[in-house]
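In what follows, a structure is listed as structure tokens, so that the remarks can point back to it.
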Amino acid sequence: MTYLKRSPWIIHYDASSCNGCDIEVLACLTPMYDVERFGIVNTGNPKHADIFVVTGSINEQNREVVKNIYEQMPDPKVVVAVGICAASGGVFRECYNVTGGIDKIIPVDVYVPGCAARPESIIDGIVKSLSILEEKRTKMNTPAAKKDALGGGIQ
Amino acid sequence: MSKKIVVPFGPQHPVLPEPIHLDLVLEDETVVDVVPSIGYIHRGLETLVAKREFTEYVYIAERTCGICSFIHGMTYCQGVEQIMDLEVPARAHYLRTIWSEYSRLHSHLLWLGLFADAMGFENLFMNSWRLREFVLDVLEETTGGRVIQGSCKVGGVRRDISNEKLSAMAADLKGFETELVDLSEVFLHDDSLKSRLVGVGTLSRTDAYDLGAAGPAARGSGVAIDLRKTGYAAYRELRFEPATESAGDCYARCAVRIRELFSSIDLIRQAVEKIPEGEIEVKVKGTPDGEYFSRSEQPRGELVHYLKGNGTKHLVRSRIRTPTLTNVPPLVKMLQGCELADVPVIVLSIDPCIGCMER
Chain A
2 MTYLKRSPWI IHYDASSCNG CDIEVLACLT PMYDVERFGI VNTGNPKHAD
52 IFVVTGSINE QNREVVKNIY EQMPDPKVVV AVGICAASGG VFRECYNVTG
102 GIDKIIPVDV YVPGCAARPE SIIDGIVKSL SILEEKRTKM NTPAAKKDAL
152 GGGIQ
Chain F
77 MSKKIVVPFG PQHPVLPEPI HLDLVLEDET VVDVVPSIGY IHRGLETLVA
127 KREFTEYVYI AERTCGICSF IHGMTYCQGV EQIMDLEVPA RAHYLRTIWS
177 EYSRLHSHLL WLGLFADAMG FENLFMNSWR LREFVLDVLE ETTGGRVIQG
227 SCKVGGVRRD ISNEKLSAMA ADLKGFETEL VDLSEVFLHD DSLKSRLVGV
277 GTLSRTDAYD LGAAGPAARG SGVAIDLRKT GYAAYRELRF EPATESAGDC
327 YARCAVRIRE LFSSIDLIRQ AVEKIPEGEI EVKVKGTPDG EYFSRSEQPR
377 GELVHYLKGN GTKHLVRSRI RTPTLTNVPP LVKMLQGCEL ADVPVIVLSI
427 DPCIGCMER
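Protein sequences appear in the order of chains A and F.
The opening position of the first sequence corresponds to residue 2 in this note's numbering, with each subsequent residue numbered one higher.
The opening position of the second sequence corresponds to residue 77 in this note's numbering, with each subsequent residue numbered one higher.
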């Protein structure tokens with residue numbers, strides 16, 4: 002993992018998951034898997050976060066909450082959809098209150114399959130998202146992108 | 077009198093692994109009233125009974141909640157079996173009991189960790205979850221799944237555990253128990269923890285009963301309700317007493333859960349000793365026609381699955397009532413009069429499982 006030069010912080014939100022994936026996301030932080038040794042920290046504040054880890058399939062009530070968290074995160078940011086519910090709605094896709102997939106609301110960079118997703122695959126997904134994060138950062142730092150970000154008018 | 081202000085708590089909040097929203101009405105630092113609002117995880121899975129056959133719905137029932145998934149599946153199966161008059165083999169009953177108790181162990185350890193985290197005691201959180209991995213390893217070895225097991229089916233269980241493996245499981249519990257003693261020592265006797273828990277979020281016995289508290293929230297206030305005493309699965313053949321405390325504060329609820337951890341270990345040992353030989357499932361013939369209230373004791377309290385069939389492959393109605401929902405009115409009572417800084421600890425003390433609650 003030569004690209005792990007920084008300490009990426011994650012924010013986790015449960016968008017109508019059954020809890021199975023959520024406790025596996027938390028299990029990643031604890032001594033058995035311990036992602037904190039790589040400098041990956043779970044934060045509660047969207048403005049501190051680089052990686053948005055979402056579980057569950059989004060319902061009518063939390064749609065705005067997910068959008069809000071995503072919009073509050075500073076660029077560059079990546080979204081990891083954990084579990085099959087987050088990818089497509091999973092076993093709940095036919096329920097009346099389920100939108101079916103995070104990508105219907107916000108752009109998703111990495112999908113982690115599984116019901117519930119295993120901690121190993123969640124870590125794998127987050128590691129994959131790190132390289133995407135790095136790419137986005139590089140892209141952001143090109144002179145053209147910087148000019149765009151400043152509205153193009155400032156010298 | 078000072079001015080009242082409203083502080084929103086959640087749905088996305090650092091101490092909450094799952095979203096619930098509370099409007100806290102404050103007078104200075106004191107919480108005078110709480111208005112909970114829910115619905116952030118509602119999926120509407122009860123309606124899926126119309127789209128899944130009654131034998132397939134076990135998967136959905138299990139996914140009501142990822143923490144007590146096995147117990148949800150089992151309660152659903154028990155309901156269907158009662159409607160259809162199926163005689164489940166004794167060995168299956170014992171296996172269900174063993175898996176239920178392992179689920180309780182993992183759920184309570186998970187809770188102890190989150191509870192410690194809510195108090196800002198991160199080391200204890202890590203240690204509780206380290207110990208929890210032992211339980212998850214056993215569940216994975218015997219069922220194939222860490223948090224969603226899928227080992228229960230209508231008419232019995234999906235796989236057997238060999239007698240050698242059962243004895244090995246019982247033997248392994250010894251080391252686990254020793255570590256658990258050390259862990260509970262901190263939770264029950266550490267001064268800084270006690271100062272955060274004793275006398276905080278008190279719920280009187282009458283309030284607990286009147287407001288319909290369930291599980292450790294009720295038992296912490298001295299109401300000795302434990303559905304396992306009704307004798308479903310193999311519990312009628314095992315000896316145990318519901319753990320109760322009388323103080324009704326956060327410390328009492330924590331003490332109840334710690335005693336239940338030890339009682340679960342004891343129940344597993346008894347079950348391993350008494351488990352009979354034989355079949356693990358019966359063949360399911362016909363379709364359910366009738367209705368039944370299937371009740372069981374989840375780690376968080378009383379779980380009810382109401383099922384109604386009309387003789388077709390699809391049930392007409394499923395209604396799930398989970399303990400967290402009944403524990404919300406007692407929670408509001410506990411929070412009234414507390415300090416703002418104690419809110420996370422008190423909310424965690426009922427062990428909220430929002431995934432279950434909203435289904």
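Glycine is no exception: its CB is placed at the ideal position from the N, C-alpha and C atoms.
| Asked | Found |
| --- | --- |
| In chain order, what residues of the same chain lie with their CB nearer than 7 Å to the CB of GLY101(A), ignoring the 5 residues before and after it? | SER58, SER89, GLY90, ARG94 |
| Going by Cα to Cα distance, which pick from GLY385(F), GLY366(F), SER113(F), CYS141(F) is closest to ALA117(A)? | CYS141(F) |
| Round the Cβ separation of GLU38(F) and VAL230(F) to the nearest angstrom and send it over; I've been treating them as touching at under 8 Å. | Here chain F comprises residues numbered 77 to 435, so residue 38(F) is not present and cannot be evaluated. |
| Using a Cβ cut-off of 9 Å (strictly closer), state whether GLU72(A) contacts chain F. | no |
| To test your reading of the DSSP string, which unbroken beta strand (DSSP E) runs of 3 or more residues are found completely within the stretch 78-144 of chain A? | 79-83, 111-113 |
| Rounded C-beta distance between SER17(A) and ASN60(A)? I'm assuming under 8 Å. | 5 Å |
| For ARG315(F), is the classification buried or exposed, using 16 other Cβ atoms within 10 angstroms of its Cβ as the cut-off for buried? | exposed |
| Over the uninterrupted alpha helix (DSSP H) stretch that includes PHE338(F), give me the two end residues. | 326-350 |
| I want to see whether chain F comes within less than 9 Å of ARG119(A), judged by CB atoms only; does it? | yes |
| Can you give me the C-alpha to C-alpha distance between GLY431(F) and LYS148(A), rounded to a whole angstrom? | 45 Å |
| Compute every distance between the C-beta of VAL262(F) and the non-hydrogen atoms of the ligand ATP, then say whether any falls below 8 Å. | The ligand ATP is not part of the structure shown, which contains no ligands of any sort. |
| Could you work out which residues of chain A lie near GLU94(F), taking near to mean beta carbons separated by less than 7 Å? | ASP15, ASN20, ASP23 |
| Let me know the secondary structure DSSP gives PRO84(F) once reduced to three states. | strand |
| Using CA coordinates, which residue listed in THR106(F), PRO420(F), LYS270(F) is at the minimum distance from TYR327(F)? | LYS270(F) |
| Apply the 10 Å Cβ neighbour rule to MET160(F) and answer buried if 16 or more other Cβ atoms are within range, or exposed otherwise. | buried |
| With 16 other CB atoms within 10 Å as the buried threshold, where does ILE81(F) fall? | exposed |
| How far does the alpha helix (DSSP H) with VAL404(F) in it reach, from first residue to last? | 399-411 |
| For chain F, check one thing: does any of its Cβ atoms lie closer than 9 Å to the Cβ of PHE53(A)? | no |
| Would you give the residue range spanned by the beta strand (DSSP E) that TYR368(F) belongs to? | 365-374 |
| Look at the alpha carbon of ARG208(F) and the alpha carbon of VAL408(F), and state the distance between them as a whole number of angstroms. | 30 Å |
| Determine, using beta carbons only, whether VAL92(A) comes closer than 9 Å to chain F. | yes |
| Helix, strand or coil: which one does DSSP assign to ASP248(F)? | helix |
| In angstroms with no decimal places, state the Cα-to-Cα distance between PHE197(F) and TYR116(F). | 28 Å |
| Shorter than 9 Å from the beta carbon of PRO75(A) to some beta carbon of chain F? | no |
| Starting from HIS182(F), trace the alpha helix (DSSP H) in both directions and tell me its first and last residue. | 166-194 |
| With the cut-off set at 9 Å, would you say GLU177(F) and ILE341(F) are in Cβ contact? | yes |
| Quick one: Cα of PHE369(F) to Cα of GLU261(F), how far? | 39 Å |
| Output, in chain order, the set of chain F residues within a Cβ distance shorter than 8 Å of GLU95(A). | LEU124, LYS127 |
| Quick one, which residues of the stretch 41-66 of chain A are near chain F if we go by CB-CB under 9 Å, in chain order? | ASN43, THR44, GLY45, ASN46, PRO47, GLY57, SER58, ASN60, GLU61, GLN62, ASN63, VAL66 |
| Identify which residue in LEU411(F), GLU255(F), GLY296(F), ARG397(F) has its Cα closest to the Cα of LEU200(F). | GLU255(F) |
| What in chain F is Cβ-close to PRO32(A), meaning under 9 Å? | MET202, ASN203, TRP205, ARG206, GLU209 |
| If you count every other CB in all the chains shown that lies within 10 Å of the CB of ASP365(F), and 16 or more means buried, which is it? | exposed |
| Determine the chain A residues that contact PRO87(F) at a beta-carbon separation under 8 Å, and present them in chain order. | ASN63, VAL66 |
| According to DSSP, simplified to helix, strand and coil, what is PHE316(F)? | coil |
| Alpha carbon to alpha carbon, how far is ARG234(F) from LYS359(F)? | 12 Å |
| Would you decide whether HIS182(F) is buried or exposed? Buried here means 16 or more other CB atoms lie within 10 Å of its CB. | buried |
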